[in-house]
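Chemist: Can you keep this structure in mind? I'll have questions shortly.
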Amino acid sequence: MSLQPFNRGNSLWRKPYRGMLRLWLYDLGSVSFIATAGLGLVLGLLCFISGKTEIVSLVFSMATVSTAAAIAWQLNRLSATELTGLIPGYQQHVLIQAASIAAGMLLIQLLICISFSAYDVIPKLLLAIVVGLLFVWACLWRSNSFHLSFLLFIAVPLLDRLVLTIPTWIMLIMVAILSYHVIDLCRRLRWNRESRVVYLNAVQMGWMWLPSIKGFTWITRFERFFHPMNFFIGPVLAVMMLCLPIIALGLMLLSWLFEINLPTLFLLAQFSVLSCSIVHWSRIQRWRAAETLFLLPCYSGLNGLRGAFYRSQYRFIVVLVMMVSALGLVKWLIDPQITLPFVAHLGLSTFWGSAIMLGAGSACRNSYQATAAMLIVLIHSILVSLSFAALRDGDSLTMWLLIDIPLVVIGILALVWGKSQLWKNGISAA
1 MSLQPFNRGN SLWRKPYRGM LRLWLYDLGS VSFIATAGLG LVLGLLCFIS GKTEIVSLVF
61 SMATVSTAAA IAWQLNRLSA TELTGLIPGY QQHVLIQAAS IAAGMLLIQL LICISFSAYD
121 VIPKLLLAIV VGLLFVWACL WRSNSFHLSF LLFIAVPLLD RLVLTIPTWI MLIMVAILSY
181 HVIDLCRRLR WNRESRVVYL NAVQMGWMWL PSIKGFTWIT RFERFFHPMN FFIGPVLAVM
241 MLCLPIIALG LMLLSWLFEI NLPTLFLLAQ FSVLSCSIVH WSRIQRWRAA ETLFLLPCYS
301 GLNGLRGAFY RSQYRFIVVL VMMVSALGLV KWLIDPQITL PFVAHLGLST FWGSAIMLGA
361 GSACRNSYQA TAAMLIVLIH SILVSLSFAA LRDGDSLTMW LLIDIPLVVI GILALVWGKS
421 QLWKNGISAA
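Following this line, the structure appears as structure tokens:
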């Protein structure tokens, strides 16, 4: 019997990039982060071309930490499956592909910065690399650390201020040390029982983790206020809504006491819109539970269920707007730079961002469409960051309020349209 076919198969398997597109772009976890990284890269390039360089470091840092999150997800997925030990060379190929993606992203960003002579962006990019490596190391050290992936995106707006306090040579040393430890942990990567738990939780809950609320009856009553919208995500949504203002108030207090300019309102507005995307992500991931929801004795058919879901989304948006506006007023009392027109703009932007996100999410049938809908979160982030820049420069906010008005109308229409698209193909479909 000839060994030529066998040898030919082995030679094909030795190609480290074989199956790379299928592994990275067909996996819902990694493609969500990679798509965000690619979008940040494109937006950074467009900002350079158009001369809007104020947010280049923000979108490049977001691209960097998103790439790190994608790599951490694949490493966690690798240790959550038995393929690591059953297929020879599989682990090495994934590690080579991860290193190639990281190096390619970094090289492209550096070339763009050098081409446009934006050397001031490079230290900020270096700090984003430190944060990304720290997250990957934490996920390799403890799989449960991946639950804290949302902290990456909280850290992005803070990097511009932190980079002023950390010398470049210290960041280079940190990159070298973290790279060494990450490589060492990758070499010792093995199957891990906790990684599978993280994988299943991340797929179903949209990579969010919050503590249990068992025993708190008043929180349970608050949770019922959002029913049936929160049926698929469970008590996580209510706890998140209670934690966000508490954390924001804590950050405001720290900013006021230590005179640190933390972008608290920006982060609050971003997480408000992001929470809307998680609602429909969990609905799609747990689409079989829709039959259980439909069988509850409180809806008059499918139209009644759609109407109840639609009204609960409006209640959720109202709570978000009230929360952001109230904390905006608190910030107005302690920060003379914040104005009442800006607080009004922040509330309106939260309304249209959340409404468009929920409307588009209602029309999503699968996880790929839900991932694409995350573009709304990024667009909202860019517009709000530009309005913050206008506030900082002392520009008039009338233009931003005029922009909010048609976007609010679009948000209302998106909610109505999403109601007609929700379970359009029947309750047994996503």
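Quick note on the working numbering: the sequence shown kicks off at 1 and runs consecutively.
Just so it is clear, CB atoms sit at the ideal spot from N, CA and C, and this is done for glycine as well.
I'd like to know whether the C-beta atoms of L226 and F316 end up nearer to each other than 8 Å.
Modeler: In the sequence as presented, Leu is not what sits at residue 226; that position holds Phe. Their beta carbons are under 8 Å apart, which means F226 touches F316 by this criterion.
Chemist: Can you give me the Cβ contacts of C113 inside the same chain, cut-off strictly under 6 Å, excluding the 5 residues immediately before and after it?
Modeler: Same-chain partners within the cutoff: V121 and I122.
Chemist: Of the choices W191, I246, F146 and P167, whose alpha-carbon is the least far from that of L86?
Modeler: Comparing Cα-Cα distances from L86 to each of W191, I246, F146 and P167, the minimum goes to W191.
Chemist: Nearest to C298 by CA position, among I101, A289 and A308, is which residue?
Modeler: Measuring from the Cα of C298, the nearest candidate turns out to be A308.
Chemist: Excluding five sequence neighbours on each side, which residues of the same chain lie with their C-beta closer than 6 Å to the C-beta of V59?
Modeler: Excluding residues within five positions, the ones whose Cβ falls inside 6 Å are G40, L43 and G44.
Chemist: Could you tell me which whole alpha helix (DSSP H) segments of length 4 or greater appear in the segment 337-370?
Modeler: For the segment 337-370, whole alpha helix (DSSP H) runs of length 4 or above, ordered along the chain, are 340-363.
Chemist: Spatial neighbours of I34 within its chain, please: CB distance less than 6 Å, with the 5 preceding and 5 following residues excluded, ordered by chain position.
Modeler: Same-chain partners within the cutoff: A70.
Chemist: Have a look at S30 and L333 and give me their C-alpha separation to the nearest angstrom.
Modeler: Computed Cα separation, rounded: 42 Å.
Chemist: How many Å lie between V279 and G353 at the Cα?
Modeler: Their Cα atoms are separated by approximately 14 Å.
Chemist: How should W423 be labelled, buried or exposed, when 16 other C-beta atoms within 10 angstroms of its C-beta is the threshold for buried?
Modeler: Classification for W423: buried.
Chemist: Please name the residue, chosen from V156, M171 and I173, that lies closest to S57 on a Cα-to-Cα basis.
Modeler: Taking only the C-alpha atoms, the option nearest S57 is V156.
Chemist: Can you tell me where the alpha helix (DSSP H) holding A98 begins and where it ends?
Modeler: Looking at the DSSP string, the run of the alpha helix (DSSP H) that includes A98 is Y90 to S115.
Chemist: Identify the continuous alpha helix (DSSP H) that holds L329 and give its terminal residues.
Modeler: Per DSSP, L329 belongs to the alpha helix (DSSP H) from G301 to I334.
Chemist: So, does the segment 378-386 touch the segment 321-330, judging by three or more C-beta pairs under 8 Å?
Modeler: Flag = no, the segment 378-386 and the segment 321-330 do not touch.
Chemist: Taking 8 Å as the cut-off, decide whether the C-beta atoms of L159 and A128 are in contact.
Modeler: Yes, the Cβ-Cβ distance between L159 and A128 is below 8 Å.
Chemist: How is the alpha helix (DSSP H) around P123 delimited, first residue to last?
Modeler: Here the alpha helix (DSSP H) through P123 covers V121 to W141.
Chemist: Measure from the alpha carbon of R142 to the alpha carbon of each residue in S272, L185, T165 and L178, then state which is nearest.
Modeler: Nearest of S272, L185, T165 and L178 to R142, Cα basis: L185.
Chemist: Report buried or exposed for R221, applying the criterion of at least 16 other Cβ atoms within 10 angstroms of its Cβ.
Modeler: That one is exposed.
Chemist: With H, G and I counted as helix, E and B as strand and the rest as coil, what does DSSP make of E82?
Modeler: If DSSP states are grouped into helix, strand and coil, E82 belongs with coil.
Chemist: Between T67 and the rest of its own chain, which residues show a CB-CB distance below 8 Å, the 5 nearest in sequence each way excluded?
Modeler: F33, I34, A37, I101, A102, M105 and G132, listed in sequence order.
Chemist: Leaving out five residues on either side along the sequence, give the residues of the same chain with a beta carbon under 7 Å from the beta carbon of A269.
Modeler: Once the five neighbours on either side are set aside, the close Cβ partners of A269 are V324, L346, S349, T350 and V384.
Chemist: Taking buried to mean at least 16 other C-beta atoms within 10 Å of its own C-beta, is I49 buried or exposed?
Modeler: It counts as exposed.
Chemist: How many Å lie between M20 and S115 at the Cα?
Modeler: Taking the straight line from one Cα to the other gives about 29 Å.
Chemist: P400 to N144, Cα distance in whole Å?
Modeler: Reading the sequence as shown, one finds Trp at residue 400 and not Pro. So the alpha carbons of these two residues sit roughly 41 Å apart.
Chemist: Let me make sure I understand the geometry here. Which of L251, V175, V273 and R288 has the alpha-carbon closest to that of F231?
Modeler: The shortest Cα separation from F231 among L251, V175, V273 and R288 belongs to R288.
Chemist: In the DSSP assignment, find the alpha helix (DSSP H) that holds G234 and state where it starts and stops.
Modeler: G234 -> no alpha helix (DSSP H), and no H or E assigned at all.
Chemist: Going by DSSP, what residue range makes up the alpha helix (DSSP H) through G411?
Modeler: Here the alpha helix (DSSP H) through G411 covers T398 to Q421.
Chemist: Tell me which same chain residues have a C-beta within less than 7 Å of the C-beta of A72, skipping the five on either side of it?
Modeler: Same-chain partners within the cutoff: F135, V136, C139 and F146.
Chemist: Once the 5 residues before and after P211 are set aside, which same chain residues still bring their CB inside 8 Å of it?
Modeler: With a pLDDT of 46 at P211, under the threshold of 50, the predicted position of this residue should be treated as unreliable, and no value is reported.
Chemist: Using a Cβ-Cβ cutoff of less than 8 Å, which residues in the same chain neighbour I108 once the five nearest sequence positions on both sides are dropped?
Modeler: So the list reads L41, once near-sequence residues are dropped.
Chemist: Could you check if M322 is buried or exposed, using at least 16 other CB atoms within 10 Å of its CB as the buried criterion?
Modeler: Exposed.
Chemist: If you follow the alpha helix (DSSP H) that S277 is in, where does it begin and where does it stop?
Modeler: Looking at the DSSP string, the run of the alpha helix (DSSP H) that includes S277 is T264 to Q285.
Chemist: Helix, strand or coil for Y180? Go by DSSP, reduced to three states.
Modeler: Y180 falls in the helix class under three-state DSSP.
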